[in-house]
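Structure record follows, encoded as structure tokens.
Numbering (our numbering), first residue to last: -4 to 242.
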């Protein structure tokens, strides 16, 4: 499925294309920030961690820029049906990307704290593994949005379940370690905060995937039973077209 259809107004197509390009740029920037922040944490690279913190404003600026363009697009073009649904999804999606950037900044701040206090005796392998999972989730969600692929979006939702289980397992293991050896409580707690930030990145990736399903099916699947979502996705895929209200 193409992300957009051709319209009679070429200027509308151009405006919408510009917003989508910025949206994709913001998403990839946020995913990169997560990867770099995690790398800085594991390598105890303070300079890189501080760079992630400094660069968070770039994502914030993109959010403002895209928001302004969306407002102009709606005011000038007054999109209807599918187009309006896509514009709404873009507007909601940039909030998730901005929050992913915030989570990357938190990871970078925890990296700086651990560098100052000394490394945690446990938790780095769990951080690396969870980071890899949520980054792939986010990139898959961005790709699903780019291609308006509901099946790929549903796979992201499935991955979120695995990420939540991985997060809970890692948290239990580290909490058990703290109870058995309290000498490094503050350091391990910092790792727990990092794991929490990564789990939240997975949640934002899931939100992007839900927006893809919303755009392609016309149904809001937030807080919807997993089996119902799967059925909606299958029906949309079988139809082979993006749901429309204006035909």
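We treat Cβ as the ideally placed atom computed from N, Cα and C, and that holds for glycine.
Residue i vs residue j beta-carbon contact at 8 angstroms
i, j, result
"residue 39", "residue 110", "yes"
"residue 141", "residue 30", "no"
"residue 125", "residue 193", "yes"
"residue 112", "residue 199", "no"
"residue 76", "residue 139", "no"
"residue 148", "residue 196", "no"
"residue 11", "residue 67", "no"
"residue 59", "residue 100", "no"
"residue 152", "residue 95", "no"
"residue 156", "residue 187", "no"
"residue 102", "residue 36", "yes"
When the options are compared against residue i, the one with the closest alpha-carbon
i, options, result
"residue 190", "119, 35, 87", "119"
"residue 53", "97, 210, 41", "97"
"residue 183", "122, 130, 25", "122"
"residue 158", "169, 127, 171, 148", "127"
"residue 268", "89, 185, 150, 33", "Within the shown structure, residues of the chain are numbered from -4 to 242, placing residue 268 beyond reach of any answer."
"residue 79", "235, 185, 210, 220", "210"
Spatial neighbours of residue i in its chain, beta-carbon cut-off 7 angstroms, leaving aside the 5 residues before and after
i, result
"residue 65", "14, 82, 85, 86"
"residue 146", "228, 232"
Neighbourhood of residue i by C-beta, 6 angstroms cutoff - its chain only, sequence neighbours within 5 removed
i, result
"residue 173", "180, 183"
Cutoff 8 angstroms: residue i Cβ touching any chain D Cβ
i, result
"residue 136", "Of the chains in the structure shown, none is chain D; there is only one protein chain."
Own chain partners of residue i with C-beta closer than 8 angstroms, once the 5 adjacent residues on each side are dropped
i, result
"residue 234", "none"
Enumerate, from N- to C-terminal direction, the unbroken alpha helix (DSSP H) stretches of 4 or more residues contained entirely within the stretch 60 to 115.
77 to 112
If we require 4 or more residues per run, which alpha helix (DSSP H) segments fall completely within the stretch 111 to 181?
119 to 142, 145 to 175
Three CB pairs or more closer than 8 angstroms across the stretch 40 to 60 and the stretch 100 to 108
yes
If you scan the stretch 0 to 65 from start to end, which runs of the alpha helix (DSSP H) of 4 or more residues do you find wholly inside it?
5 to 38
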